[in-house]
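Trainee:
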Amino acid sequence: MAGLMAGQNALIMGVANRWSIAWGIARSFAREGARCLLTYQGERQLDTVTELAGELPHSLVLPCDVTKDEELEALRATLAEQVGRVDTLVHSIAFARTEDLRGAFVDTSRDGFLLAQEVSAFSLVAAARAAATLMTNGGAIVTLTFAASERVFPNYNVMATAKASLESSMRYLAHDLGPRNIRANAISAGPIKTASARAVAGLGDFVKVYGEKAPLRRTVSQEEVGDAAVFLCSALGRGVTGQVLYVDAGYHIMGF
Ligand SMILES: NC(=O)c1ccc[n+]([C@@H]2O[C@H](COP(=O)([O-])OP(=O)(O)OC[C@H]3O[C@@H](n4cnc5c(N)ncnc54)[C@H](O)[C@@H]3O)[C@@H](O)[C@H]2O)c1
Numbered sequence: 001m002a003g004l005m006a007g008q009n010a011l012i013m014g015v016a017n018r019w020s021i022a023w024g025i026a027r028s029f030a031r032e033g034a035r036c037l038l039t040y041q042g043e044r045q046l047d048t049v050t051e052l053a054g055e056l057p058h059s060l061v062l063p064c065d066v067t068k069d070e071e072l073e074a075l076r077a078t079l080a081e082q083v084g085r086v087d088t089l090v091h092s093i094a095f096a097r098t099e100d101l102r103g104a105f106v107d108t109s110r111d112g113f114l115l116a117q118e119v120s121a122f123s124l125v126a127a128a129r130a131a132a133t134l135m136t137n138g139g140a141i142v143t144l145t146f147a148a149s150e151r152v153f154p155n156y157n158v159m160a161t162a163k164a165s166l167e168s169s170m171r172y173l174a175h176d177l178g179p180r181n182i183r184a185n186a187i188s189a190g191p192i193k194t195a196s197a198r199a200v201a202g203l204g205d206f207v208k209v210y211g212e213k214a215p216l217r218r219t220v221s222q223e224e225v226g227d228a229a230v231f232l233c234s235a236l237g238r239g240v241t242g243q244v245l246y247v248d249a250g251y252h253i254m255g256f
C-alpha cells in the first residue's frame, strides 16, 4: 500500500540525535513513503546523522548551519542538482545561550536576544526562501514551536520571544507562499526531553506538570509529533496553512 507521502522529497533540518523531534518526524515520513533529506549542523554531528540516515531508505545527508548564508545556498544548489524537487521542509531548529534559559528574563543580554532570534526564528525565513525555489509542485513547510510563545513558562525566557517571532514568521510565509500552493504551519509540541530541552532550567518540572494537568495526563512523544507532521505535510492537510497545531496532550486549553 502506498504511504501518505509516497513520492515526496522531504528536507528535514534539525536531526541531532535519536532523541531529536526531527528524528521522530523523519521516521513517520519514511514510514509514509517520503524520501528524507537530512541536514546536520557541523562535522560534530556528521557521524550520528549519517548513522541514523542509514535506517531510512534512499535518504541523503547534507551540511547546513543556518547562521551561514553560504551553507544555505550550497544546500539549495546541491538539492537542485541531486534531487530536483522538494515537497516538504521541516524546520526543527532552535538555539539560545544556556545562561539566557534560566533566571530572570529582564537580565537577557542584547547579544543573547539577537542570537536566539537569528537561529530560532530568522532561520525559518532563510530556509523557507531556499526550499521554496525547489517546491515547483507546491509544498508544505512545518516548524516546531512551544506554548511559551504566548504564555509565561519561567526559565523559557529568551526562547519564548523567539518562538513568538517564529510563529509570526510562519504566518507571513503562509501568506507569501500560498499563491504558489506552498503551505506553512507550526506544531506546538508539549515538553519532550531532548538535548535542546535539557538546556531549559526546570524542563523536568514542565513534564511533571503536564503529567498532572494536561487533559491526557501526560506529555507527548517524538512519534506523536511526527504523525501530526505527516498530516500537515501530506494531502490530508492540503486545506491547512498558517496554523499552530498543538500536539501537547491538550495542556494549552487549561486555565487552572
Ligand atoms: N523538546 C521540547 O520540549 C520541545 C517542545 C516544543 C518545541 N520544541 C522545538 O523543537 C525543535 C527541535 O528541538 P529538539 O527538542 O528536538 O532538540 P534537538 O537538540 O534535538 O534539536 C535542535 C536542533 O537545532 C539544531 N541547530 C541549532 N543551531 C543550529 C544552527 N546554527 N544551524 C543548524 N541547526 C542548528 C541542532 O543541530 C539540533 O539538530 C526546536 O525548535 C525546539 O524549540 C522542542
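Mapping of the sequence shown onto the numbering used here: residues 1 to 256, in sequence order. We put the beta carbon where it would ideally sit given N, CA and C, even for glycine.
For ligand 1, is there a heavy atom less than 8 Å away from the beta-carbon of F95?
Mentor: In the sequence shown, the residue the question calls residue 95 occupies position 95. Indeed, a heavy atom of ligand 1 lies less than 8 Å from the Cβ.
Trainee: Looking at the strands, I want to know which residues DSSP matches up with H91.
Mentor: As a position in the sequence shown, residue 91 is number 91, starting the count at 1. DSSP, once it has assigned bridges, lists M13, T143 as partnering H91.
Trainee: With 16 other CB atoms within 10 Å as the buried threshold, where does Q82 fall?
Mentor: Position 82 of the sequence shown, counted from the first residue, corresponds to residue 82. The residue is exposed, with fewer than 16 neighbouring Cβ atoms inside 10 Å.
Trainee: DSSP on I192, reduced to helix/strand/coil?
Mentor: Counted from its first residue, the sequence shown places residue 192 at position 192. Coil.
Trainee: For the pair the stretch 94 to 104 and the stretch 68 to 77, tell me if three or more CB-CB distances fall below 8 Å.
Mentor: No: the two stretches stay apart, fewer than three of their Cβ pairs being nearer than 8 Å.
Trainee: Hey, how far is the Cα of A26 from the Cα of R18?
Mentor: Residue mapping note: residue 26 aligns to position 26 of the sequence shown, counting from 1. Residue mapping note: residue 18 aligns to position 18 of the sequence shown, counting from 1. Answer to the nearest angstrom: the Cα atoms are 11 Å apart.
Trainee: Heavy atom of ligand 1 less than 8 Å from the Cβ of V209, yes or no?
Mentor: Numbered from 1 along the sequence shown, position 209 holds the residue referred to as residue 209. Checking every heavy atom of ligand 1 against the Cβ of V209, none is found closer than 8 Å.
Trainee: Taking 8 Å as the cut-off, is the CB of M170 close to at least one heavy atom of ligand 1?
Mentor: For this step, residue 170 is matched to residue 170 along the sequence shown. No - ligand 1 has no heavy atom lying nearer than 8 Å to the Cβ of M170.
Trainee: Just verifying my parser: in three-state terms, what is the DSSP assignment at A6?
Mentor: Locating residue 6 in the sequence shown gives position 6, where the first residue counts as 1. Three-state DSSP puts A6 in coil, outside helix and strand.
Trainee: Is any non-hydrogen atom of ligand 1 found closer than 8 Å to the C-beta of L144, if you look at the structure I gave you?
Mentor: If you number the sequence shown from 1, residue 144 lands on position 144. Correct: L144 has its Cβ closer than 8 Å to ligand 1.
Trainee: Give, in chain order, every unbroken run of the alpha helix (DSSP H) that is at least 4 residues long and sits entirely within the stretch 91 to 143.
Mentor: Entirely contained in the stretch 91 to 143, the alpha helix (DSSP H) runs reaching 4 residues are, in chain order, 110 to 117, 123 to 132.
Trainee: From the DSSP output, in three-state form, read off T39 for me.
Mentor: For the purposes of this step, residue 39 is taken as the residue at position 39 of the sequence shown. Three-state DSSP puts T39 in a strand.
Trainee: Excluding the five sequence neighbours on either side, which residues of its own chain have a C-beta within less than 8 Å of the C-beta of R85, listed in chain order?
Mentor: Along the sequence shown, one-based indexing puts residue 85 at 85. The answer, listed in chain order, is N9, L134, M135, T136, N137.
Trainee: DSSP puts N185 in a beta bridge; with which residues?
Mentor: Counting from 1 along the sequence shown, the entry for residue 185 is found at position 185. Paired residues: V142.
Trainee: Rounding to the nearest angstrom, what Cα-Cα distance links A140 and A6 in this structure?
Mentor: Here residue 140 refers to the residue found at position 140 when the sequence shown is read from its first residue. Here residue 6 refers to the residue found at position 6 when the sequence shown is read from its first residue. Roughly 14 Å separates the two Cα atoms.
Trainee: Quick one: does the C-beta of T108 sit closer than 8 Å to a heavy atom of ligand 3?
Mentor: Ligand 3 is absent from the structure shown, which contains only ligand 1.
Trainee: Which residue comes first and which comes last in the beta strand (DSSP E) that contains G156?
Mentor: Sequence index remark: in the sequence shown, residue 156 carries index 156 (1-based). A small fix is needed here, since residue 156 is Tyr in this sequence, not Gly. Here Y156 belongs to no beta strand (DSSP E), and DSSP marks it neither H nor E.
Trainee: Using the three-state DSSP reduction, which class does P63 fall into: helix, strand or coil?
Mentor: For the purposes of this step, residue 63 is taken as residue 63 along the sequence shown, with counting starting at 1. Note: P63 maps to strand in three-state DSSP.
Trainee: For L11 and L115, which I take to be in contact (beta-carbon distance under 8 Å), what is that distance rounded to the nearest angstrom?
Mentor: Taking the sequence shown and counting its residues from 1, one reaches residue 11 at position 11. Taking the sequence shown and counting its residues from 1, one reaches residue 115 at position 115. Not a contact, Cβ separation roughly 24 Å.
Trainee: Taking 8 Å as the cut-off, is the C-beta of P57 nearer than that to any heavy atom in ligand 1?
Mentor: Numbered from its first residue, the sequence shown carries residue 57 at position 57. Result no, Cβ not under 8 Å from ligand 1.
Trainee: State the beta-bridge partners of Y246 as determined by DSSP.
Mentor: Counting from one through the sequence shown, the residue named residue 246 turns up at place 246. S188.
Trainee: Please determine whether the Cβ atom of Y246 lies at a distance below 8 Å from any heavy atom of ligand 1.
Mentor: Here the question's residue 246 lines up with position 246 in the sequence shown. No.
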